[in-house]
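Working notes, structure below.
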Amino acid sequence: MDWMFILISLAKILGVIFGIILPLVSYTVYAERRVSALMQDRIGPNRTGIPLSLIPGLGLKDRQMPLLGGMGQPIADAVKFLLKEDFTPAHVNKFYYWLAPCLAMVPAILTIAVVPFGSSLWGVPMVIANVNIGVLFVFAVASLGVYGIVLAGWSSNSKYPFLGGVRATSQMISYELSMGLSIIPLFLIMGELNLPKIVEYQIQHGWTIIPFTNLHSFAPGLYKHHTWRGWLNWKEIVMWVPMMISFFIFTVAIFAETNRLPFDLPEAETELVAGYHTEYSSMKFALFFLGEYAAMITGCSLIVTLFLGGWHIPGIPDGSHGWIWGLVNIGCFFAKVVALLLFFIAIRWTLPRFRYDQLMRLGWIFFFELALVNILITAGIMAIFPN
Amino acid sequence: MSNPSTTTAPPPVQLLNVQVDGVWHQFPKGTRVIEACTQAGKYVPRYCYHPKLSSPGNCRMCLIEMGMPKMGADRKPETGADGKPVINWIPRPQISCAQDVAEGMGIRTDSPMAQECRKGVMEFLLINHPLDCPVCDQAGECRLQEFSVEYGNDSSRFLEEKVHKPKHVDLGPRIVLDDERCILCSRCVRFTKEIAKDDALGFVDRGSYSTLTAHPGRRFDNNYTLNTVDICPVGALTSKDFRFKMRVWFLKETRSICTSCGTGCNTVIGSREETMYRQTPRENNDVNSAWMCDYGRLNFHYLHDERRLTAPLLRQADHTLQPVEWRKAFATAAQQLREFKGEEIAVVASARMTNEELYMTRRLADALKCSLVDVVPRTGEADDILLSADRNPNTSGAQLLGIGGDKLGSRLAEIVEGVRTGKIHAVVCLGEDLSEQGLDAKVLEELPCLVAMSILPNATTRAATVVLPGSGFAEKRGSMINVKGRLQRLNHAIPSPGDARDDWEILRDLIQALTGSNGLYMIEDVFKAMSNDVSALQGLSLSKIGDLGVQVVTEAESREVPKTPLETATAAQPT
Amino acid sequence: MAITIQRPPLTLKEKLYVPAIFSGLATTLKHLVNMLLGKTHVAMQYPEEKWDSHLPSYYRGAPALVKDEHGRERCVACQLCEFICPPRAITIKPGEIAEGDKFRKVEKFPQAFDIDMIRCIYCGLCEEVCPEQAIFLQKQYAITGLSRAEMVHDKEKLYEIGGLKTGLVHKWNDKK
Chain A
7 MDWMFILISL
17 AKILGVIFGI
27 ILPLVSYTVY
37 AERRVSALMQ
47 DRIGPNRTGI
57 PLSLIPGLGL
67 KDRQMPLLGG
77 MGQPIADAVK
87 FLLKEDFTPA
97 HVNKFYYWLA
107 PCLAMVPAIL
117 TIAVVPFGSS
127 LWGVPMVIAN
137 VNIGVLFVFA
147 VASLGVYGIV
157 LAGWSSNSKY
167 PFLGGVRATS
177 QMISYELSMG
187 LSIIPLFLIM
197 GELNLPKIVE
207 YQIQHGWTII
217 PFTNLHSFAP
227 GLYKHHTWRG
237 WLNWKEIVMW
247 VPMMISFFIF
257 TVAIFAETNR
267 LPFDLPEAET
277 ELVAGYHTEY
287 SSMKFALFFL
297 GEYAAMITGC
307 SLIVTLFLGG
317 WHIPGIPDGS
327 HGWIWGLVNI
337 GCFFAKVVAL
347 LLFFIAIRWT
357 LPRFRYDQLM
367 RLGWIFFFEL
377 ALVNILITAG
387 IMAIFPN
Chain B
7 MSNPSTTTAP
17 PPVQLLNVQV
27 DGVWHQFPKG
37 TRVIEACTQA
47 GKYVPRYCYH
57 PKLSSPGNCR
67 MCLIEMGMPK
77 MGADRKPETG
87 ADGKPVINWI
97 PRPQISCAQD
107 VAEGMGIRTD
117 SPMAQECRKG
127 VMEFLLINHP
137 LDCPVCDQAG
147 ECRLQEFSVE
157 YGNDSSRFLE
167 EKVHKPKHVD
177 LGPRIVLDDE
187 RCILCSRCVR
197 FTKEIAKDDA
207 LGFVDRGSYS
217 TLTAHPGRRF
227 DNNYTLNTVD
237 ICPVGALTSK
247 DFRFKMRVWF
257 LKETRSICTS
267 CGTGCNTVIG
277 SREETMYRQT
287 PRENNDVNSA
297 WMCDYGRLNF
307 HYLHDERRLT
317 APLLRQADHT
327 LQPVEWRKAF
337 ATAAQQLREF
347 KGEEIAVVAS
357 ARMTNEELYM
367 TRRLADALKC
377 SLVDVVPRTG
387 EADDILLSAD
397 RNPNTSGAQL
407 LGIGGDKLGS
417 RLAEIVEGVR
427 TGKIHAVVCL
437 GEDLSEQGLD
447 AKVLEELPCL
457 VAMSILPNAT
467 TRAATVVLPG
477 SGFAEKRGSM
487 INVKGRLQRL
497 NHAIPSPGDA
507 RDDWEILRDL
517 IQALTGSNGL
527 YMIEDVFKAM
537 SNDVSALQGL
547 SLSKIGDLGV
557 QVVTEAESRE
567 VPKTPLETAT
577 AAQPT
Chain C
-12 MAITIQRPPL
-2 TLKEKLYVPA
8 IFSGLATTLK
18 HLVNMLLGKT
28 HVAMQYPEEK
38 WDSHLPSYYR
48 GAPALVKDEH
58 GRERCVACQL
68 CEFICPPRAI
78 TIKPGEIAEG
88 DKFRKVEKFP
98 QAFDIDMIRC
108 IYCGLCEEVC
118 PEQAIFLQKQ
128 YAITGLSRAE
138 MVHDKEKLYE
148 IGGLKTGLVH
158 KWNDKK
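Heads up: the sequence lines are chains A, B and C, in that order.
The numbering used here runs 6 ahead of the 1-based position in the first sequence.
The numbering used here runs 6 ahead of the 1-based position in the second sequence.
Counted from 1, the third sequence has number 108 at position 121 by the numbering used here; the numbering is strictly sequential.
Set out below in structure tokens:
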């Protein structure tokens, strides 16, 4: 492990977290507000621009600032969170109360380490840690996220956070099961846990849920590494069904894991005020808020990597053809993520919340069984159609 | 040691059968009809009737329908199908406040006739009553308001001009009279004549022009005038002290006792948030009947004095007193006291302290190995109603706890002399001012250690090396024993100002600073420890004392509870 | 007795739930597209566009004290509004009108009358409970300030907002 590797890794970490994830988080919040407003026939935050009038030399009046359609809102929000009174109630368990927001934020960002967000740039693979147990790492770290919420609920020493924390725990543990089981069929087929290799597999054999992306008609012949085929074989056509089921279960489980509507019972406003973060304010609340959206981005990245071909789009060559293509690949990956985020937002503002018993029944009686059966189906198909 | 009145067997009482609203009840002979109705759960509205005063029967509000058993030809009551007497109803309404129950009597408190009578009486009373409830201090505890809602009309049919009478009449130093509001119930007239024994009030003129006034050339200025404000059913008599200060519906009521003399009248403290606004007497037939004196009632304004000590003070090197943290104050006091031997230390306590505080004082003296402990006696002029000559509220408690020996104040001279001659180097002064004992500021200032606990600054606190701000009587819990040997409770009504703390806590922490932890966390713990040490308090706790207190020692001073002529007469009468 | 309501049986399509999700998405997306195309126009751009001319007569804005045409402050400090106020925004310090004052017969007036506009919820109970027709909710709704102290309306400020109100009952003139 030489210093060059450490430097490049550091550059990737800082670049991804501060250059991509955090801005993406804050602008997801902004998108959430604007999109929800438009869906409800409102306008949403469209005012906050850059306060040039605060710079004395320019001689600008208050109204003469570029509004940018409210794109300055996330910056203003961040400043507000930083400057607000950081209040710690007297009745809380101080140590865990302070620890909880960190535990909510860190796992969400940590997961992104093993996700390949691009092909390569100047020969450097665009994944922070290329580990061969990638998916296991994701599950291991993502399930730590529940500790942040549980500790927040418990240490707040107040009834609504407590109820929110209890709900979050049982919900996240329940859906982690079906989430884990739902992608076992993928590993049966691919024989891989390493996420970059999973993407590689999808480039060769077609995206998991859109298997015809490796057909001739999509490929103008820009690739030199891959063989391109004429049409899907029977196995691929039959296998499409369990793959779609996997995708469906995994996506729903990600909704539940990130506490998004229709599964936002841990913070159901009508019942629990603000759920587990009721007693939090200022930057500590912001960490929960960021953690939730970061978890959403991580979840979407995983869906993209596992099911939607990662950074790959048919017809666009990978980074070995030049750094410009490497950047385009990164762009493709995040374009897919953003599209999924918008889907998450649209779902949130469309569906009502589940009742808690319905949520539990859906998780344990429907998705859990479905995921199990799905593994059998996949195994069966693999047995019937040997290579 | 128990109350002598409970040891004598009660005389047998004859019970009479009375029908109230169709239900037969039994009441002892001599019960007023209005009281019988109340005991049967049927409240009869009344203005002039007061259980502690005579009954003139002049307001007519308590009109009811009454009947006596129908007599047969054999002069025996006829019995109906249910075996009970048949009642012959009197065709006209009767007042229920001036008549005692009789065998076989029938009462209807809510018949159409009684209802109509009340409605009529209410209408008459309201003819000349001004509609100034928004500015009237009685609003919220006004019988006229309450009964008007319950029994009156919804609007007035009276079109003529109301009779105008004197307003803002300066009746006495503590009372303002608004004659327009007066409904001529005469409660105040009877009170001042029968209880205060000062026949100062009366009615002049006739009919609609009847007016309450003080006798010509007289001021209504005896020591019991404010009781008339309490018993006035309307807002005619108002207290100058409480007038326009706070509406009564904001007042939180805390049951406590008056600490201005040895009688210990039971009171209700009216407070809102951090301010005490008034105290009113609470009925306790073993102590104060339903009254208290004006002196005691108004003796609470010092609690809100702006000079109140709100932080512990420490004498600095430049001889100024500077506020410090409690922890520092205790540590310094303990350090200063430890420098002297037990015989060089004196403790001067106060009989205005509660039993718990005096007990802690005893433990403090033990911790200091100091035997020179005394309390300051305080006397004044007594009257033959409620005010006691002993102006300390807890003399009996101090005696019971053995502070200051058999006679209070007998060792004070020794202490004063010791301080003067320099034999005593350290004094702990609790709630008293040593300058009143003849020690001038100069002598006090030369003491190397003077720990003073007080709520207001005085010559002693100004000369002290450590000042510990304590709590006033409405700011703390605790118990006191009155001159008649009755153990009664104080209750917490308002918070102490600033950093001032409960006196017992201050003493506890001071002892802790001297000797380490003592396991006393709540005032209940102190009482428990005290009841283990003092045989008269054995088996008692603060909650067992109850609102009316318990007799724990024999009477130090024999004193009659004020009684009406009627009560005196019935008590003397053999039944 | 418990009543069990028979729920309507669901068709297979309804049981699947997924079609309903997509029809829901279609509805919300329709609104989104209409907003983007400028077909819906509901929101008002507040500081530039105001609704003031449309405020109904019963609009509940900032509560304020009023004087009558004789210049008398109508409040007599009965403290009923202080009592009824759900968020305890009102604080009154009552006082006695001095001997010789023109309105001495009213006896009582508020020495201090503070409404904490951070607490006020504009419910209008103070106006409803007032026996003297002294407090009215005005149409001011933009109550702002840069400090907590600034947001407490004292008596002077309340009379400034409330001003003079005519056509009220003059019970102190007529009845006494």
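By construction, the Cβ of each residue, glycine as well, lies at the ideal position given by its N, Cα and C atoms.
Since this is a predicted model, take the numbers as computed values, not measurements.
Quiz item: In chain order, what residues of the stretch 1 to 13 of chain C put their CB closer than 7 Å to some CB of chain A?
Solution: Ile8, Gly11 and Leu12
Quiz item: Interface residues of chain A around Ala99(C) at Cβ under 9 Å?
Solution: Near Ala99(C) there are no residues of chain A at all, since even the closest Cβ is about 29 Å away, more than 9 Å.
Quiz item: To the nearest angstrom, how far is it from the Cα of Cys54(B) to the Cα of Thr560(B)?
Solution: 38 Å
Quiz item: Which residue or residues does DSSP assign as beta-bridge partners of Cys455(B)?
Solution: Ala432(B)
Self-check item: Pro179(B) (DSSP reduced to helix, strand or coil)
Solution: coil
Quiz item: So is Arg98(B) buried or exposed if we call it buried at 16+ other beta carbons inside 10 Å?
Solution: exposed
Practice problem: For Thr27(C), decide whether its Cβ has a neighbour in chain A, counting only Cβ atoms nearer than 7 Å. | Solution: yes
Quiz item: When we look at the beta-carbon of His318(A) and count the other beta-carbons within 10 Å, is it buried (16 or more) or exposed?
Solution: buried
Quiz item: When you compare only the Cα positions, how much space is there between Gly297(A) and Val334(A)?
Solution: 28 Å
Self-check item: Simplified DSSP state of Arg261(B), which is helix, strand or coil
Solution: strand
Practice problem: Look at the Cβ atom of Asp143(B), then the Cβ atom of Gly241(B), and state whether they are nearer than 7 Å. | Solution: yes
Quiz prompt | Residues that His18(C) contacts on chain A, provided the C-beta gap is smaller than 8 Å | solution = Leu44, Met45, Gln46 and Asp47
Quiz item: Tell me, which residues are paired with Ser356(B) by DSSP?
Solution: Val382(B)
Quiz item: Does the separation of the CB atoms of Pro51(B) and Phe153(B) fall below 7 Å?
Solution: yes
Quiz item: Do three or more CB pairs link the stretch 127 to 146 of chain A to the stretch 188 to 203 of chain A at distances below 8 Å?
Solution: yes
Exercise. Mind checking the stretch 57 to 85 of chain C against chain B and listing, in chain order, the residues whose C-beta falls within less than 7 Å of any C-beta there?
Key: Val63, Cys65, Gln66, Phe70, Pro81, Gly82 and Glu83
Quiz item: Along the stretch 254 to 284 of chain B, what residues have a CB closer than 9 Å to any CB found in chain D?
Solution: Of the chains in the structure shown, none is chain D; the protein chains are A, B and C.
Self-check item: Beta-carbon contacts of Lys90(B) that lie in its chain and below 7 Å, excluding the five residues immediately before and after
Solution: Trp30
Exercise. Identify which residue in Ile421(B), Glu530(B) and Glu331(B) has its Cα closest to the Cα of Lys429(B).
Key: Ile421(B)
Quiz item: How about Phe352(A): is its C-beta nearer than 7 Å to some C-beta of chain C?
Solution: The sequence given here has Ala at residue 352(A), not Phe. With 7 Å as the cut-off, Ala352(A) counts as an interface residue toward chain C.
Quiz item: Where does Pro(-4)(C) land, buried or exposed, given buried means 16+ other C-beta within 10 angstroms?
Solution: exposed
Quiz item: In this structure, does DSSP put Lys76(B) in helix, strand or coil?
Solution: coil
Quiz item: How long is the line joining the alpha carbons of Met366(B) and Phe209(B), rounded to whole angstroms?
Solution: 55 Å
Quiz item: Given a threshold of 16 other Cβ atoms within 10 Å of its Cβ, counted over all protein chains shown, does Gly24(C) qualify as buried or as exposed?
Solution: Here residue 24(C) is Leu; the residue named in the question, Gly, does not match the sequence. Under this definition Leu24(C) is an exposed residue.
Quiz item: Mind pulling the chain C residues with CB within less than 8 Å of Trp355(A)?
Solution: Thr15
Quiz prompt | Bridge partners - Leu584(B), DSSP secondary structure assignment | solution = An answer regarding residue 584(B) cannot be provided, because it is not within the stretch 7 to 581 covered by chain B.
Practice problem: May I ask you to verify whether the stretch 391 to 408 of chain B touches the stretch 321 to 336 of chain B, counting CB pairs closer than 8 Å and requiring at least 3? | Solution: no
Quiz item: Can you tell me the Cα-Cα spacing of Val53(C) and Leu145(C), whole angstroms?
Solution: 8 Å
Quiz item: Based on Cα-Cα distance, which residue from Arg278(B), Met486(B) and Leu374(B) lies nearest to Gln341(B)?
Solution: Leu374(B)
Quiz item: Is Phe90(C) closer than 7 Å to Arg59(C) when the C-beta atoms are compared?
Solution: yes
Practice problem: Examine chain A for any beta-carbon lying closer than 7 Å to the beta-carbon of Met193(C), and answer yes or no. | Solution: No information on residue 193(C) is available, as it lies outside the stretch -12 to 163 that chain C covers here.
Quiz prompt | DSSP three-state assignment for Pro97(C), whether helix, strand or coil | solution = strand
Self-check item: Simplified DSSP state of Val100(B), which is helix, strand or coil
Solution: Per the sequence shown, the amino acid found at residue 100(B) is Gln instead of Val. Three-state result, Gln100(B): strand.
Quiz prompt | Sequence-distant residues of its chain with Cβ nearer than 7 Å to Leu445(B) (five each side left out) | solution = Val422 and Val425
Exercise. Rounded to whole angstroms, what's the CA-CA distance from Leu546(B) to Val532(B)? Just pull it up for me.
Key: 12 Å
Self-check item: Beta carbon of Val254(B) nearer than 7 Å to that of Glu147(B)
Solution: yes
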